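**Q** Chains as they are written, first to last, in our numbering: chain A, 943 to 1037; chain B, 943 to 1037. Quick reminder that beta carbons are idealized off the backbone N, C-alpha and C, glycines included. Only a predicted model underlies this, so the values are computations on that prediction, with no experimental measurement involved.
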């Protein structure tokens, strides 16, 4: 028996790390007439589906991927966000 | 009186739109020995702080920015996620 679980991995620049995209957004705000917005940080959001026996096994796969492939641990942090089970495939017994 | 509210804007490619970054991640999985992962979509996550009189006013500013500056409505969708009030500055009456 196995099921599909959907996750999001939110990757954000660590505190103190220069974030050129965030600065670019911040500098464009006056041209849009927007005030009172600050501390803009631009990161990535990766959504993916994992096939596994249960939610814990699926989350372990996502944690592994997030640390090894989806983020650069020197300059980025990440947070795994479960989005729920999407469907189930049950291998029934053959009569 | 005004307060600071922190938000995240999750920008993701619309369904059916080609996502080269997602495909690149998917194609690198076999080299890492990872199986059972599919439907990978890579988007952006923008976190920002808004100074406003209340949470509703702050969210209105974020919605405006998300649609006008942070996403490309032709190919991307977005979702605003409140991260809570971060601090308060109250202009007290001078005695």
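#1: Can you look up residue 950 of chain A in the DSSP assignment and give me helix, strand or coil?
#2: Could you name the residues of the same chain whose beta carbon sits closer than 7 Å to that of residue 962 of chain A, not counting the 5 residues immediately before and after it, in chain order?
#3: Give me the residue from A:977, A:985 and A:960 with the minimum Cα distance to residue 1021 of chain A.
#4: Is there a C-beta anywhere in chain B that falls below 8 Å from the one on residue 993 of chain A?
#5: Relative to the C-alpha of residue 947 of chain B, which residue among B:1010, B:997 and B:1003 is closest?
#6: Does residue 1000 of chain A pass the burial test, meaning 16 or more other C-beta atoms within 10 Å, or should it be called exposed?
#7: Touch check for the stretch 1007-1022 of chain B and the stretch 1001-1018 of chain A: three-plus C-beta pairs under 8 Å?
#8: Are the beta-carbon atoms of residue 951 of chain B and residue 1004 of chain B separated by less than 8 Å?
#9: Between the alpha carbons of residue 945 of chain B and residue 1026 of chain B, how many angstroms are there, rounded?
#10: Could you name the residues that DSSP lists as bridge partners for residue 963 of chain A?
#11: How about residue 945 of chain B: is its C-beta nearer than 8 Å to some C-beta of chain A?
#12: Indicate whether the contact test is met: 3 or more Cβ pairs, each with one atom in the stretch 975-984 of chain B and one in the stretch 973-989 of chain A, closer than 8 Å.
#13: Determine the extent of the alpha helix (DSSP H) in which residue 997 of chain B is found, giving its start and end residues.
#14: State yes or no: is the beta carbon of residue 978 of chain A nearer than 8 Å to at least one beta carbon in chain B?
**A** To lay it out plainly:
#1: strand
#2: none
#3: Distances from the CA of residue 1021 of chain A to each of A:977, A:985 and A:960 were compared; the closest alpha carbon is that of A:985.
#4: Closer than 8 Å: yes.
#5: Looking from the CA of residue 947 of chain B, the closest CA among B:1010, B:997 and B:1003 belongs to B:997.
#6: The C-beta of residue 1000 of chain A has 16 or more other C-beta atoms within 10 Å across all chains shown, which makes the residue buried.
#7: no
#8: yes
#9: 11 Å
#10: DSSP lists no partner for residue 963 of chain A.
#11: no
#12: Inter-segment contact for the stretch 975-984 of chain B and the stretch 973-989 of chain A is present: three or more beta-carbon pairs are separated by less than 8 Å.
#13: 997-1007
#14: yes
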